[in-house]
Structure formats: C-alpha cells, structure tokens
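Visitor: Numbering (our numbering), first residue to last: 10 to 311. Glycine residues also receive a C-beta, built at the ideal position from the N, C-alpha and C atoms.
(1) Name the residue from 27, 60, 31 whose alpha carbon lies nearest to the alpha carbon of residue 43.
(2) Alpha carbons only, please: which of 113, 62, 34, 57 is nearest the one belonging to residue 75?
(3) How far does the alpha helix (DSSP H) with residue 79 in it extend, from its first residue to its last?
(4) Using alpha carbons as the reference points, say which of 110, 283, 27, 140 lies closest to residue 158.
(5) Roughly how many angstroms lie between the CA atoms of residue 118 and residue 275, to the nearest whole one?
(6) Measure the C-alpha to C-alpha separation of residue 58 and residue 64 and round it to an integer number of angstroms.
(7) Out of curiosity, what's the CA-to-CA distance linking residue 53 and residue 77?
(8) Under 8 angstroms between the Cβ atoms of residue 302 and residue 296?
(9) Would DSSP call residue 281 helix, strand or coil?
(10) Are the segment 204-220 and the segment 249-268 in contact at 8 angstroms, needing three or more beta carbon pairs?
(11) From residue 55 to residue 48, what distance separates their C-alpha atoms?
(12) Quick check on the burial criterion: 16 or more other C-beta atoms within 10 angstroms. Buried or exposed for residue 258?
(13) Is the distance from the Cβ of residue 151 to the Cβ of residue 112 below 8 angstroms?
(14) Could you tell me if residue 305 is buried or exposed, where buried requires 16 or more neighbouring beta carbons within 10 angstroms of its beta carbon?
(15) Tell me the residue span of the alpha helix (DSSP H) that contains residue 129.
(16) Return the Cβ separation of residue 100 and residue 203 in integer angstroms, given the expectation that the two are a contact with Cβ distance under 8 angstroms.
(17) One question on the structure: do residue 120 and residue 140 come within less than 8 angstroms of each other, judged by their Cβ atoms?
(18) What is the DSSP secondary structure of residue 217, counted as helix, strand or coil?
(19) In its own chain, which residues sit with a C-beta less than 6 angstroms from the C-beta of residue 210, not counting the 5 before and 5 after it?
(20) Under 8 angstroms, do residue 66 and residue 95 count as touching if we go by C-beta distance?
(21) Going by DSSP in three states, residue 299 sits in which element: helix, strand or coil?
(22) Go ahead and label residue 80 buried or exposed: buried means 16 or more other beta carbons lie within 10 angstroms of its beta carbon, across all protein chains shown.
(23) Apart from the five residues just before and just after residue 136, which ones in its own chain have a Cβ nearer than 8 angstroms to its Cβ?
(24) Leaving aside the five residues before and after residue 282 along the sequence, list all residues of the same chain whose C-beta is less than 8 angstroms from its C-beta, in chain order.
(25) Taking Cβ to Cβ, would you say residue 105 is nearer than 8 angstroms to residue 155?
Here is the structure:
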C-alpha cells in the first residue's frame, strides 16, 4: 500500500484550512441544488435563472469535492498520484468542473445583465426577448468549452516528469516539474477561457451597473420613493462586490498557472486559500440575493 507522506505542520495547516473552506462551500452549494431540485419536482419546471443556478451549484460542489481529494492525496498520500490513471482522472474532472464553474457564473452575470438592464439598442432588445430560449444553448456551449479544457488536461496529465529525489511538501504535480512544449496547449486554452469568461463578466457587470446608476438618477430626478432607491443601491453594491471577488479569483487562476512549477510557499498558499473560498462565498451571496433561497436558508438556521 502507498506510504503516508511525512506531513509538516505547514502542510497540515494548509490541508486543515482548505478542508474547512471546502466543507463550507460544498454545504452551501449542496443547499442550493437541493432547494432547486425540490422546486423542480413540485413545479415540474425551472425558469432560466434557476437552471443556471442549479448547474452552477452542481459544478461547484463537484469541483470542491474533487479538488479537495486531489490536494489531500498530494499532501498525505502522494504515491497514489503516481498511478497514471488516477492522476489523469483527477486532473480531468478538476479542470472540467473548474471551467464549468467559471462559465456558468459568467453566464449568470450575462443573464442578469440582459434581464435587468434597460437599453434602447435594437440588438439588446432582441436579446432580452430571446434570452430564455438562448440559456440552454449558452449552458451547452459552456459545458463544451469546459470539456475541451478537461480533455487537454487529461492528455497532458502524465507529461510532467517529477524529479525522483523531490521532497516537495505535498507538491506532487507542482514540484520540480520539467516544463516542456506539451504544457503550452493546455495553458493557452485555459488562459484563453479564463480571459474570455472574465471579459464577459466585466462587460455584463459594467453595463448593468451603468443601467442601475442611470435608473437611480432618474428616480432621484422624479423624487421616487426612498425604498425603491435603496433597492437599486443594494443591487449596485451586490454587483460591484461580485465584480471585485471575480477579479480576485481571476488573478488567482492566472497566478496558479505562473506558480505551477514552484514549491509550496506563502504565495501558493495564499492562491489556494483564495481559490477555494470563491465558490462558497459567491454562492452564499447568490443565496441572499435570491428570495426563495434566502427564505429556505433562514428556515433551517437555528
């Protein structure tokens, strides 16, 4: 049987913090999935917003689960990952669900922008009318793009050649890796999808913020009720906070590619912490911004 790795206090602390983040994130996303599935069974249908939230919750749940297993094995039982099939499957599913998470969250932001924002442009009006029919195709396209990254990651998973005398602290697949030309297709495709999804979020959030700000100014001019004004200000704060959080996550994803060949350090530790906290924290914000999910959560909380 594979031998347990001699874990240091630094490595044990990293695993403990990641485990806490993953557990909370999985619970929040499992809650979203359960509530929406129950509503699906009762109503026999889901609206476009709920479809995106359901797939986003599922992808984040499985991403956190598989990513935690991979990190746990790499720190505690790294010899398991020397088995080519196990490593390839772990890398494939982690890459697939990670990019599903990115594209589904970007799709949700674009959906909110088209549904909520008010512009008189003909093309934008056309999108507003057709968006509900476009959502299934948008989700299918997101899945295909994520699958492409997963296949490339699976193909190159056995390309790294780790130094036989490596003593990296839980860094199987990240320590002493000899980078060669086999990695560039994966890095290029992953980087392209990171950038594309990030730009989609940026444009959607900026357009939505501009529309809400313009609407808020109109209400001020017309002396509308303060309650409606407060609702628009809260919506703007929520979108801005998501934009900041998504930006931090994007930076961490890029840094993770840059530091893929580095030993465990304070920088890689910080990157891991930020990466694993995003799926749970953003899902929690989505819960409190959705009346149905918020009501269900308040019912089960003591």
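Guide: The answer reads as follows:
(1) Position 34 of the chain shown, counted from the first residue, corresponds to residue 43. Ranking the options by Cα distance to residue 43, first place goes to 60.
(2) Taking the chain shown and counting its residues from 1, the one referred to as residue 75 is at position 66. Comparing Cα-Cα distances from residue 75 to each of 113, 62, 34, 57, the minimum goes to 34.
(3) Numbered from its first residue, the chain shown carries residue 79 at position 70. Taken as a continuous stretch (DSSP letters only), the alpha helix (DSSP H) holding residue 79 covers 57-85.
(4) Along the chain shown, read from residue 1 onward, the residue named residue 158 stands at position 149. Among 110, 283, 27, 140, the Cα nearest to that of residue 158 is on 110.
(5) Walking along the chain shown from the start, residue 118 turns up at place 109. Walking along the chain shown from the start, residue 275 turns up at place 266. Their backbone Cα atoms lie some 32 angstroms apart in a straight line.
(6) For this step, residue 58 is matched to residue 49 along the chain shown. For this step, residue 64 is matched to residue 55 along the chain shown. So the alpha carbons of these two residues sit roughly 10 angstroms apart.
(7) Position 44 of the chain shown holds residue 53. Position 68 of the chain shown holds residue 77. Cα to Cα, the separation comes out at about 34 angstroms.
(8) The residue you call residue 302 lines up with position 293 of the chain shown. The residue you call residue 296 lines up with position 287 of the chain shown. Contact: yes.
(9) For the purposes of this step, residue 281 is taken as the residue at position 272 of the chain shown. Reduced to three states, the DSSP call for residue 281 is helix.
(10) yes
(11) Sequence index remark: in the chain shown, residue 55 carries index 46 (1-based). Sequence index remark: in the chain shown, residue 48 carries index 39 (1-based). Each residue's Cα considered, the two are about 8 angstroms apart.
(12) For the purposes of this step, residue 258 is taken as the residue at position 249 of the chain shown. Classification of residue 258: buried, given that the 10 Å Cβ count is 16 or more.
(13) As a first step, residue 151 must be located in the chain shown, where it is residue number 142. As a first step, residue 112 must be located in the chain shown, where it is residue number 103. The answer is yes: Cβ separation under 8 angstroms.
(14) Within the chain shown, numbered from 1, the residue matching residue 305 stands at position 296. Residue 305 is buried by the Cβ-count criterion.
(15) Residue 129 sits at position 120 when you count from the first residue of the chain shown. No alpha helix (DSSP H) holds residue 129; DSSP gives it neither H nor E.
(16) Counting from one through the chain shown, the residue named residue 100 turns up at place 91. Counting from one through the chain shown, the residue named residue 203 turns up at place 194. Their Cβ separation, rounded to whole angstroms, is 17 angstroms, which puts residue 100 and residue 203 out of contact at 8 angstroms.
(17) The count along the chain shown starts at 1 and reaches residue 120 at position 111. The count along the chain shown starts at 1 and reaches residue 140 at position 131. A contact, by the Cβ cut-off of 8 angstroms.
(18) In the chain shown, residue 217 corresponds to position 208, counting from 1. Residue 217 falls in the helix class under three-state DSSP.
(19) The residue given as residue 210 occupies position 201 in the chain shown. Answer for residue 210: 115, 118, 255, listed in chain order.
(20) Within the chain shown, numbered from 1, the residue matching residue 66 stands at position 57. Within the chain shown, numbered from 1, the residue matching residue 95 stands at position 86. Not in contact: residue 66 and residue 95 (Cβ atoms no closer than 8 angstroms).
(21) Here the question's residue 299 lines up with position 290 in the chain shown. Of the three classes helix, strand and coil, the one that applies to residue 299 here is coil, per DSSP.
(22) Within the chain shown, numbered from 1, the residue matching residue 80 stands at position 71. Residue 80 is buried by the Cβ-count criterion.
(23) Along the chain shown, read from residue 1 onward, the residue named residue 136 stands at position 127. Here the set comprises 123, 143.
(24) For the purposes of this step, residue 282 is taken as the residue at position 273 of the chain shown. Taken in chain order, the residues that qualify are 26, 27, 30.
(25) As a first step, residue 105 must be located in the chain shown, where it is residue number 96. As a first step, residue 155 must be located in the chain shown, where it is residue number 146. Cβ atoms of residue 105 and residue 155: closer than 8 angstroms.
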